[in-house]
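Enquirer: In the working numbering, the protein residues as written are 247 to 505.
We treat Cβ as the ideally placed atom computed from N, Cα and C, and that holds for glycine.
Submitted below is the structure of interest, expressed as structure tokens.
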Amino acid sequence: MSCRVDGYVFGIKPVFKEKKVRTVSENSDGSSQNYFVRTVKQRKGVRAEEHQISSGFDVIVSAAHLEPLGIPSLGAKSQMGLSGMALGRSGSRLPLKVFDSDELPASASVVDPCVSIDQAREESDRYIQRICSGVGVGLEQRSMYLAVTGAREKLVHYPLWVVEYVFENRSYRAVVDGCTGKLLKGAFPADSEHWKKVCRVLGSVWAGLIPILLFVSFAGLFSAGPILMLVLLAVYGLGAVSFRFLKMAKNNARTDSMI
């Protein structure tokens, strides 16, 4: 939706006067006194203020839910698209042409809108109200008047390429922007460097425990009940942490987020 918004924000703004006050502070034993100056704000009155709003708006409302593909919806809450996605980028002006389904490749699928034009207008109105409400922050008894003119709605079909493949009996998916050719979001097999880093971390942790076990063994401290219990608890705790770390590494090895 494209439109122009003109209006005014009226209100009163409190007026404060700063006053420096000298304060005396005594030590707990009363042996000495310290003087310091602090600034105090005192309300002296109010003044009327008026702020003008005059701006053009281009609001994008997602007509279909693409969250399963990792594409966030655009609407009243957010107008920020994914990094690398031309749609929703500030200042971007995409070249538009009349949609013709006959020009699409045979493998293409057209997603039908699931958001009505009335819902899209309501989303746009809420977004404009939210942005304009930031004008005149700090005013009391605030009132706002807005006039929306030249509103135009367009249904834009945006191209996205979805690539799915199987590697070692595991399925992966990647989404590519059809305008910029940039990867928006994807899942990929982990490379060997990932597990090399995991092995180095776990190896260094367990290597630090070996000298302690050797010292306790040669010193004959295993015969002492408390020492043996502490060693067993340390080994058990380190094993649990290592298992948890391996599980997290396995989960992170599956996906490489490109957001």
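Please confirm whether I374 and V251 have their CB atoms less than 8 angstroms apart.
Expert: Their beta carbons are under 8 angstroms apart, which means I374 touches V251 by this criterion.
Enquirer: Quick one: what does DSSP say A486 is sitting in, helix, strand or coil?
Expert: DSSP places A486 in helix when its eight states are reduced to three.
Enquirer: Alpha carbon to alpha carbon, how far is Q325 from G337? Give it in angstroms, no decimals.
Expert: Unreliable positioning characterises G337 in this predicted model, as indicated by a pLDDT of 45, which lies under 50. A coordinate reading is not provided.
Enquirer: Please identify the residue among V286, T269 and K287 whose C-alpha is closest to the C-alpha of N280.
Expert: Nearest option by C-alpha distance: T269.
Enquirer: By Cβ distance, which residues of its chain are closer than 8 angstroms to Q387, with the 5 residues on each side in sequence left out?
Expert: Cβ within range, chain order: G257 and I258.
Enquirer: Count the other C-beta atoms from every protein chain shown that fall within 10 angstroms of the C-beta of M475, then say buried if there are 16 or more, exposed otherwise.
Expert: Under this definition M475 is an exposed residue.
Enquirer: Would you check if the stretch 356 to 368 and the stretch 399 to 413 touch, i.e. whether three or more CB-CB distances between them fall below 8 angstroms?
Expert: Counting Cβ pairs under 8 angstroms, three or more are found: they touch.
Enquirer: Span of the beta strand (DSSP E) holding Y418?
Expert: Where Y418 is concerned, the enclosing beta strand (DSSP E) stretches over R416 to D423.
Enquirer: In this structure, what does DSSP give as the bridge partners for S389?
Expert: Paired residues: F256.
Enquirer: At the level of alpha carbons, what is the spacing between L459 and G483?
Expert: Roughly 15 angstroms separates the two Cα atoms.
Enquirer: Where DSSP assigns a beta bridge to S271, which residues make up the other side?
Expert: In DSSP, S271 forms a bridge with N280.
Enquirer: CA-CA distance, P260 and V307?
Expert: Rounded to the nearest angstrom, the two C-alpha atoms are 38 angstroms apart.
Enquirer: Give me the Cα-Cα distance between V493 and A480, rounded to the nearest whole angstrom.
Expert: Checking the displayed sequence, the identity of residue 493 turns out to be Lys instead of Val. Distance between the alpha carbons of K493 and A480 is about 20 angstroms.
Enquirer: Which partner residues of H297 appear in the DSSP bridge assignment?
Expert: Bridge partners of H297: V255.
Enquirer: Could you spell out the range, first to last residue, of the alpha helix (DSSP H) harbouring Y373?
Expert: Y373 -> alpha helix (DSSP H) spans I363 to C378.
Enquirer: For V305, count the other beta carbons within 10 Å of its own beta carbon; 16 or more makes it buried, fewer makes it exposed. Which is it?
Expert: V305 is buried by the Cβ-count criterion.
Enquirer: Does S347 come out as helix, strand or coil in the three-state DSSP assignment?
Expert: Three-state DSSP puts S347 in a helix.
Enquirer: Where V447 and E369 are concerned, what is the direct C-alpha to C-alpha distance, given to the nearest angstrom?
Expert: For V447 and E369, the distance between alpha carbons rounds to 49 angstroms.
Enquirer: Let me check understanding here. Comparing Cα to Cα, which of E264, S300 and E296 lies closest to Q288?
Expert: Of the listed residues, the one whose Cα sits closest to Q288 is E264.
Enquirer: For D423 and I317, I'd like the C-alpha separation in whole angstroms.
Expert: Cα to Cα, D423 sits roughly 11 angstroms from I317.
Enquirer: Using the DSSP secondary-structure output, state which residues sit across from Y411 in a beta bridge.
Expert: Paired residues: Y418.
Enquirer: Taking V267 as the reference, which of V255, T285, D275 and Y254 has the closest Cα?
Expert: Of the candidates V255, T285, D275 and Y254, the one whose C-alpha sits nearest the C-alpha of V267 is T285.
Enquirer: Using CA coordinates, which residue listed in G449, A420 and P341 is at the minimum distance from F491?
Expert: Checked all of G449, A420 and P341; the closest Cα to F491 is G449.
Enquirer: Return yes when the C-beta of S274 is under 7 angstroms from any heavy atom of the ligand FMN, and no when it is not.
Expert: What this structure holds is no ligand at all, so the ligand FMN is not there to describe.
Enquirer: DSSP three-state call for F262: helix, strand or coil?
Expert: Three-state result, F262: strand.
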